[in-house]
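Notes to accompany the following structure.
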Amino acid sequence: MAMDQSGGKMSESEAPLRLIALEPQDLHALSTNLQDAVVRVADLAFLPSQRRFALLASRFDWVAAEHGSMERCRAGLHFDNVTRVASTGFDRSNREGVLNLLSLAFHEGEAPAGTIELVFSGGAAIRLEVECVDAQMRDLGPRWAAAHRPGHAIDDAPEGH
């Protein structure tokens with residue numbers, strides 16, 4: 011059982027989640043835990059000199075939902091060894107725009123390189139060309155009650171997803 015900052019016990023679903031992906035199959039755990047995360051366009055950043063792509067999201071906690079608690083928390087996600095970033099389906103200049111993350115996928119190139127695709131509802135996507143899979147996600151800050159369990163129309167995903 012985890013402890014909070016005041017020394018009180020926290021349930022497993024309340025403990026801050028930390029995940030690392032170093033292999034393509036590891037991205038499945040990130041994708042599952044970030045499904046339906048809400049991301050503001052202003053909270054997306056590519057840092058070419060560090061070869062890092064990072065984002066902040068409001069993550070719906072699917073594990074807590076299975077135990078009857080509907081919660082969101084802030085989560086940071088970054089990918090290292092990123093050589094190029096491309097986006098489609100949304101306006102990068104609209105910093106207040108909001109994206110709903112559906113999934114993460116790896117498309118193999120010349121091993122261990124490839125493309126990591128972040129697929130959002132409404133046909134939006136971000137493609138990261140990477141030298142290898144190297145990603146980390148962790149929860150940041152307190153949790154808050156979610157108004158409802160996320161859901162979206164099946165036709166929100168782009169063709170082929």
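For the sequence shown, position 67 (counting from the first letter as 1) is numbered 77 according to our numbering, and the numbering increases by one without interruption. For glycine and all other residues, C-beta sits at the position ideal for the given N, C-alpha and C.
Between residue 55 and residue 99, the CB-CB gap reaches or exceeds 8 angstroms.
Beta-bridge annotation (DSSP): residue 28 is paired with 148. The beta carbon of residue 94 lies closer than 6 angstroms to those of 139 in the same chain, with the five residues before and after it left out. Counting only residues of its own chain and dropping the five nearest sequence neighbours on each side, residue 87 has a CB closer than 6 angstroms to the CB of 65 and 147. Taken atom to atom, the span from the alpha-carbon of residue 159 to that of residue 57 is near 33 angstroms. Runs of the beta strand (DSSP E) lying entirely within the region 73 to 149, each at least 3 residues long, are 81 to 90, 92 to 98, 108 to 118, 124 to 130 and 135 to 140 in chain order.
In this structure, the CA atom of residue 151 is about 20 angstroms from the CA atom of residue 145. Cβ contact annotation for residue 51 (same chain, cutoff 8 angstroms, sequence separation greater than five): 100, 101, 102, 104, 105, 106, 107, 108 and 109, in chain order. As computed with DSSP, residue 62 is found in a beta bridge with 57 and 90. For the 8 angstroms CB-CB criterion, residue 43 and residue 82 do not form a contact.
CA-CA distance, residue 156 to residue 71, rounds to 9 angstroms.
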